[in-house]
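*Asks:*
In our numbering, the protein residues as written are 606 to 759.
Quick look at the structure:
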């Protein structure tokens with residue numbers, strides 16, 4: 606009986622360790638995305654399109670919130686972070702569909718008031734589409750804050 610209790614507590618400790626690592630990794634992704642967006646805008650001088658601004662509105666707080674949660678090992682933060690990441694991810698998905706041309710031109714929000722959502726400014730180093738990087742970042746954060754936190758059946 607004692608052995609089962611030790612195994613369970615060891616499993617719980619290992620699960621908590623996985624959750625903490627996932628929290629740190631999610632923070633690193635959010636921090637990298639935030640610093641990357643600032644670098645592209647401020648250093649490279651590229652003006653963000655409307656959808657990029659909305660994605661930044663979702664990503665920038667994630668870097669701060671996930672950083673604080675990582676420092677405090679606060680696993681409950683995922684309940685607040687996942688909805689924000691989902692909103693940002695949906696905007697990034699919309700942006701990706703605009704970029705690839707699936708969404709028709711008359712309903713593109715960007716070109717009316719600023720830079721194009723699908724122009725060459727949306728490609729980094731000639732090969733990395735920024736909307737795809739954004740979808741990847743939000744998706745990775747959501748997965749990292751979901752998968753390690755699943756309840757395991759005994």
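Backbone N, C-alpha and C define an ideal beta-carbon position, used for all residues, glycine too.
Keep in mind it's a predicted model, so treat the numbers as computed, not measured.
1) Kindly indicate the opening and closing residues of the alpha helix (DSSP H) around residue 745.
2) Considering only residues of the same chain and omitting the five flanking positions on each side of residue 678, which have a CB-CB separation below 7 Å?
3) Quick check: the stretch 640-647 against the stretch 679-697, are there 3 or more CB pairs under 8 Å?
4) If you draw a straight line from the C-alpha of residue 634 to the C-alpha of residue 660, how long is it?
5) Rank 627, 702, 623 and 664 by C-alpha distance to the C-alpha of residue 636 and give the top, closest one.
6) By the three-class DSSP mapping on this structure, what secondary structure does residue 664 have?
7) On the criterion of 16 or more Cβ atoms from any shown chain inside 10 Å, does residue 613 qualify as buried, or is it exposed?
8) Taking buried to mean at least 16 other C-beta atoms within 10 Å of its own C-beta, is residue 733 buried or exposed?
9) Could you give the residue range of the alpha helix (DSSP H) that holds residue 781?
10) Which same chain residues, not among the five before or five after residue 638, have their C-beta less than 6 Å away from its C-beta?
11) Between the Cα of residue 658 and the Cα atoms of 702, 736 and 744, which residue gives the shortest distance?
12) Since residue 628 and residue 675 are thought to touch, with beta carbons under 8 Å apart, how far apart are those beta carbons, to the nearest angstrom?
*Replies:* In this structure, then:
1) Taking the chain shown and counting its residues from 1, one reaches residue 745 at position 140. Where residue 745 is concerned, the enclosing alpha helix (DSSP H) stretches over 735-749.
2) Walking along the chain shown from the start, residue 678 turns up at place 73. Hits under 7 Å: 625.
3) no
4) Translated into positions along the chain shown, residue 634 becomes position 29. Translated into positions along the chain shown, residue 660 becomes position 55. If I take the Cα positions, the gap works out to 14 Å.
5) For this step, residue 636 is matched to residue 31 along the chain shown. Checking every option, the nearest Cα to that of residue 636 belongs to 664.
6) For the purposes of this step, residue 664 is identified with residue 59 of the chain shown, where counting begins at 1. It is helical.
7) Looking up residue 613 in the chain shown gives position 8. Residue confidence is low: residue 613 scores 41 on pLDDT, short of 50, so the model does not pin down where it sits. Its coordinate-derived value is still stated next. By the 10 Å Cβ count, residue 613 comes out exposed.
8) Position 128 of the chain shown, counted from the first residue, corresponds to residue 733. Exposed: under 16 other Cβ atoms inside 10 Å.
9) As displayed, the chain neither begins before 606 nor continues past 759, which places residue 781 out of reach and without an answer.
10) Counting from one through the chain shown, the residue named residue 638 turns up at place 33. Taken in chain order, the residues that qualify are 664 and 742.
11) Locating residue 658 in the chain shown gives position 53, counting from the first residue. For residue 658, the nearest C-alpha among the options comes from 736.
12) Counted from its first residue, the chain shown places residue 628 at position 23. Counted from its first residue, the chain shown places residue 675 at position 70. Contact holds; Cβ gap of about 5 Å.
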